[in-house]
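What follows is one structure encoded as structure tokens, with my remarks underneath.
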């Protein structure tokens, strides 16, 4: 399936791409478009865009919206979601000191990797690691 | 080639004034600085781009207009002047944090402080820690005063704890300096 988001990805989009590939659609491919309308013409499912279901709603970040829609209940994913939320929305809803580090890391990767698909290859492993870490901690 | 700076200029309807305030607060929160009259600047990266784009959407939704650019300085020494301004603003905020921490430490030392007042001081100190975390995030150019703010908070925590001891068990403040 094709999934579409805005280019130059930061935390929420890189984390969603990982979540989709690992837990929703193993054969996911990704494309980029500036807005939901353009995403529609590509025929993909849009995420982390304004006015789409898998976006920011009622205080949720897009990662949390994906968890909700696909009923992903894994406690380690919940932990990861709190970190992603805090790094992305930054509203002090969760106490997650990891968020600041993740923010710095993903920002920095975006400075050296301009191609989003190439960026995903690296960030996928970052989220694999974080997820494994939380799985060991809470599962 | 990546551009160095993101620039943002916006116009809002005159009313409601709370909208102007909300936009201004948001710009301050992400650590943008204003140069001259109404040109906001951030160093460019995926997150700061997102910060400005998000802001632009909101402003436009409410009937305002926004211009966004990626830009590089022409004069060579211009970058350092901009960086200095970022640092000066962050330094001021670090100083405010340090000052508040010192005040809490003094309050902790005061005679007649009760377990309750010490606990309250500790809670306020945790609030300062959160502020410091935000500060570290928007301190794009490692301003002076950061270390001092961190140390002042730690010192204040130690003061308050030693007052509270031995009634209260050891409780390390988290996250500062990590």
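Chains as they are written, first to last, in my numbering: chain W, 1320 to 1458; chain P, 446 to 623. Even glycine gets a Cβ: it sits at the ideal position worked out from N, Cα and C.
Check, Outcome
"Below 8 Å between beta carbons: does that hold for residue 1306 of chain W and residue 582 of chain P?", "Any question about residue 1306 of chain W goes unanswered here, given that chain W covers just 1320 to 1458."
"If I follow the unbroken beta strand (DSSP E) through residue 1339 of chain W, where does it start and stop?", "Careful: residue 1339 of chain W lies outside any beta strand (DSSP E) and carries neither H nor E."
"Assuming contact is defined by CB atoms lying nearer than 8 Å, are residue 1343 of chain W and residue 1366 of chain W in contact in what I supplied?", "no"
"Looking only at C-alpha atoms, which of W:1441, W:1325, W:1456 sits nearest to residue 495 of chain P?", "W:1325"
"Are any of the Cβ atoms in chain B nearer than 8 Å to that of residue 495 of chain P?", "The structure shown contains no chain B; its protein chains are W and P."
"Mind reading off the beta-carbon distance from residue 491 of chain P to residue 1335 of chain W? Whole number of angstroms is fine, and I expect it under 8 Å.", "With 8 Å as the limit, residue 491 of chain P and residue 1335 of chain W do not qualify as a contact, their Cβ atoms being about 14 Å apart."
"Going by the DSSP bridge assignment, what does residue 1413 of chain W pair with across the sheet?", "In DSSP, residue 1413 of chain W forms no bridge with anything."
"Is it true that the CB of residue 594 of chain P sits closer than 8 Å to the CB of residue 542 of chain P?", "yes"
"Just tell me which of P:586, P:601, P:592 has its CA closest to the CA of residue 572 of chain P.", "P:601"
"At the level of alpha carbons, what is the spacing between residue 1381 of chain W and residue 560 of chain P?", "43 Å"
"Could you spell out where the alpha helix (DSSP H) holding residue 1456 of chain W opens and where it closes?", "1435-1457"
"Would you mind stating whether residue 1347 of chain W and residue 1340 of chain W have Cβ atoms separated by less than 8 Å?", "yes"
"Among W:1357, W:1321, W:1359, whose alpha-carbon lies nearest the alpha-carbon of residue 1345 of chain W?", "W:1321"
"If distances are taken between C-alpha atoms only, which option among P:480, P:531, P:487 comes closest to residue 587 of chain P?", "P:531"
"Considering only the alpha carbon of each residue, which of P:523, P:451, P:474 lies closest to residue 584 of chain P?", "P:474"
"Kindly indicate which three-state DSSP category residue 605 of chain P falls into: helix, strand or coil?", "helix"
"Cβ of residue 1333 of chain W within 8 Å of Cβ of residue 1439 of chain W?", "yes"
"Nearest to residue 1378 of chain W by alpha carbon, out of W:1430, W:1403, W:1360, W:1359?", "W:1403"
"Pull out every residue of the stretch 453-476 of chain P whose Cβ sits closer than 9 Å to any Cβ of chain W, in chain order.", "474, 475"
"Along the stretch 1361-1391 of chain W, what residues have a CB closer than 8 Å to any CB found in chain P?", "1369"
"Hey, out of P:471, P:467, P:555, whose CA is closest to residue 1409 of chain W's CA?", "P:471"
"What is the DSSP secondary structure of residue 1329 of chain W, counted as helix, strand or coil?", "coil"
"Against chain P, with Cβ distances strictly below 8 Å, would residue 1412 of chain W count as a contact?", "no"
"In terms of alpha-carbon separation, which member of W:1362, W:1373, W:1368, W:1372 lies closest to residue 502 of chain P?", "W:1368"
"Would residue 486 of chain P and residue 514 of chain P qualify as a contact pair, given that the criterion is a beta-carbon distance under 8 Å?", "no"
"Rounding to the nearest angstrom, what Cα-Cα distance links residue 553 of chain P and residue 562 of chain P in this structure?", "8 Å"
"Excluding the 5 residues preceding and the 5 following residue 590 of chain P in the sequence, name in chain order all residues of the same chain whose CB lies nearer than 6 Å to its CB.", "536, 539, 540"
"DSSP has residue 1313 of chain W in a bridge; who is on the other side?", "No answer is possible for residue 1313 of chain W: the residues shown for chain W start at 1320 and end at 1458."
"Where do the ends of the beta strand (DSSP E) carrying residue 515 of chain P lie?", "510-516"
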